[in-house]
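Worksheet for the structure shown next.
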Amino acid sequence: MTTNGEQPTITFLGAAGTVTGSRFLLSCGETNVMVDCGLFQGLKELRLKNWAPLAIDAAKINAVLLTHAHLDHCGYIPKLVEQGYKGKIHSTKFTAKLAAVILRDSARIQTEDAKYAAKKGFSKHNPPKPLYDEDDAEKAIQKFQEEEFNQRIQVAEQTFVTFHTSGHILGAATLEVEFFGKKLMFSGDLGRDEHPLLVNPERIIAGKFDALITESTYGDREHVASSTNFEKAINETIEGGGSVLIPAFAVDRTEIILVRIRELMESGVIKKVPVYADSPMALKALDYYRQAINEGSLEIREDIRKSWAGRDPFDPGSLVELESVEQSKTVNDPSQPCIIISASGMGTGGRVVHHLRQMLPNSKHTILFVGYQAIGTRGRALVDGAEQVKMHGELVPVRARVEQIAEFSVHADSNELIKWLSSTSVAPGQVFVVHGEAGAAESFSDSIVAKLGWKSHAPKDGEQALL
Ligand SMILES: [Zn+2]
320 MTTNGEQPTI TFLGAAGTVT GSRFLLSCGE TNVMVDCGLF QGLKELRLKN WAPLAIDAAK
380 INAVLLTHAH LDHCGYIPKL VEQGYKGKIH STKFTAKLAA VILRDSARIQ TEDAKYAAKK
440 GFSKHNPPKP LYDEDDAEKA IQKFQEEEFN QRIQVAEQTF VTFHTSGHIL GAATLEVEFF
500 GKKLMFSGDL GRDEHPLLVN PERIIAGKFD ALITESTYGD REHVASSTNF EKAINETIEG
560 GGSVLIPAFA VDRTEIILVR IRELMESGVI KKVPVYADSP MALKALDYYR QAINEGSLEI
620 REDIRKSWAG RDPFDPGSLV ELESVEQSKT VNDPSQPCII ISASGMGTGG RVVHHLRQML
680 PNSKHTILFV GYQAIGTRGR ALVDGAEQVK MHGELVPVRA RVEQIAEFSV HADSNELIKW
740 LSSTSVAPGQ VFVVHGEAGA AESFSDSIVA KLGWKSHAPK DGEQALL
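Read in order, the letters of the sequence shown correspond to residues 320 to 786 in my numbering.
Take a look at the structure:
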């Protein structure tokens, strides 16, 4: 990596040309600050990037700022610490708590996958090794420092950050960063105005920004109502004697789905059947959402804080929380209709893989995908109509009904992103469009130029720009 001496720069070390691996490096002289430190996920060529040497010596980074707890934003932190990072990880309170859950789980999955690959002999590494293990994750978790929303704090020389609510998941923030006199705004992952539990994304405050760094996951699309609706797919499956498997991201998506199922069961739209929450990580996250509601956290919508404090908005009366693997196995290929919510959301790891393996070959069952499916993941292959999928080295036939439901997205679409960006009172110096798959970022950048008349650009992987 080149340096520009005393000129502040930003280098795009990930989430450039892809939706994962968010890592942005701010540099000026001897000061280096990383914004997000995520894992690359999806296609093998992307996952291999997690093993590539970082473009900077980790020991030379002074601070890490974290927008939210999703793995593609925080999942590289243990590796960064292992490589000698000595500073703190600044995040909001619930991002720190949720990231701890997510990093422990990530370390465990990687360790188990490496062991499994060793046993089956299908790894490229010999002997197979995890990217990081549970000890590395614990060391990283110790480095978190919890920060308040809306307070300007100094994190390094001439570097200040303010966390604003982004409405994406519990704890999630957009970051207003001042770096050597330059004013920047990072969208992180921007939520939508209709989250059932979280307050709307905070609009950008007044003032001239030198650069806005915006996500573009749905930058080339607008959310449209699904052709299949959620309750219809559930009702048809249950009436046919089958069960519904919902692969859901453990953090936030599980909560949203549970709230919706409770509402639908309470109003009699869907039949009351057992609802299994089958992901240890999701259950821990669920407790943090309950804590935030009971504490009256300002991230939670006012109506939810007022009407649900002390009660459980996630339980329709038939919620069963499956803690152990033994409990999880009791719902493998269920004989009585039920709804199973299990992680991971893209079917790439975790307990959902075992449920998929059991349920996919049976035409009675339905798999409902409720989140974004990245290219290269099992979930993407399934929603694209794969007739068989590979699992742990075996081909599994797909006979179950597979549907994708778009209505639960917690990412702003192109119109919502434009609305958020244009809430700044003055045109920014420049816009960098990141966190979008090939095409989406460029297309969204073009929209910014066309609709707002601003200077905008979708940086390439590894690109460095002057601020
Ligand atoms: Zn996210």
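Quick reminder that beta carbons are idealized off the backbone N, C-alpha and C, glycines included.
- At least one heavy atom of ligand 1 sits closer than 6 Å to the Cβ of D508.
- For the region 623 to 655, the continuous alpha helix (DSSP H) assignments of 4+ residues that do not extend past its boundaries occur at 644 to 648, in sequence order.
- The shortest CA-to-CA distance from P515 to any of L509, R572, R540 and N548 is the one to R572.
- Contact check for I589 against P635 fails: the beta carbons are separated by 7 Å or more.
- A746 sits in coil when the DSSP states are folded into three classes, being neither helix nor strand.
- Y537 and V518 have their C-alpha atoms roughly 20 Å apart.
- Straight-line measurement puts the Cα of K407 at about 42 Å from the Cα of T649.
- For K709, the number of other beta carbons within 10 angstroms of its own is below 16, and it is reported as exposed.
- Taking a cut-off of 8 Å on C-beta distances, the region 590 to 610 touches the region 563 to 578, as three or more cross pairs fall below it.
- The shortest CA-to-CA distance from A769 to any of S741, P447 and Q646 is the one to S741.
- For H514, the CB stays at least 6 Å from every heavy atom of ligand 1.
- For S766, the closest alpha carbon among the candidates T533, L641 and I428 is that of T533.
- Proximity to D455 across K398, D508 and E467 peaks at K398, based on C-alpha coordinates.
- In the three-state DSSP reduction, D780 falls in the coil class, being neither helix nor strand.
- Residue state for Y537 is assigned as strand, using DSSP reduced to three classes.
- I329 and A784 have their C-alpha atoms roughly 5 Å apart.
- Boundaries of the alpha helix (DSSP H) harbouring K603: P599 to E614, taken from the DSSP string.
- In this structure, H754 has its beta carbon at no less than 6 Å from each heavy atom of ligand 1.
- G510 is positioned such that its CB atom lies no closer than 7 Å to that of T414.
- Remark: the shortest separation between the CB of H542 and any heavy atom of ligand 1 does not fall under 6 Å.
- As for any beta strand (DSSP E) of minimum length 3 sitting wholly inside the region 350 to 400, the runs are 350 to 356 and 382 to 384, ordered along the chain.
- Check the Cα spacing between F468 and each of A419, L385, H674 and Q477: the tightest is with L385.
- The residues F499, in chain order, have a CB closer than 6 Å to that of Q477 in the same chain once the five nearest residues on each side in sequence are set aside.
- Under the three-state reduction of DSSP, H754 is assigned to coil, being neither helix nor strand.
- Within 6 Å of the C-beta of H483 there is not a single heavy atom belonging to ligand 1.
- Under the three-state reduction of DSSP output, T696 falls in the coil class, being neither helix nor strand.
- Judged by DSSP in its simplified three-state form, K502 adopts strand.
- Put simply, the backbone Cα of D376 is about 14 Å away from that of G348.
- Between the alpha carbons of I724 and P747 lies a gap of roughly 36 Å.
- Exclusion of the five residues before and after S506 leaves T493, T533 and E534 as the residues of its chain whose Cβ lies within less than 6 Å of its Cβ.
- Around A700, the same chain offers V708 as residues with beta carbons nearer than 8 Å, after the five sequence neighbours per side are excluded.
- DSSP places L583 inside the alpha helix (DSSP H), whose first and last residues are R572 to E585.
- Rounded to whole angstroms, the separation of the alpha carbons of D424 and C657 is 26 Å.
- Residue environment analysis places S728 among the buried positions, since at least 16 neighbouring C-beta atoms fall within 10 angstroms of its C-beta.
- According to the DSSP secondary-structure assignment, M710 is paired through a beta bridge with E713.
- According to the DSSP secondary-structure assignment, Q429 is paired through a beta bridge with no residue.
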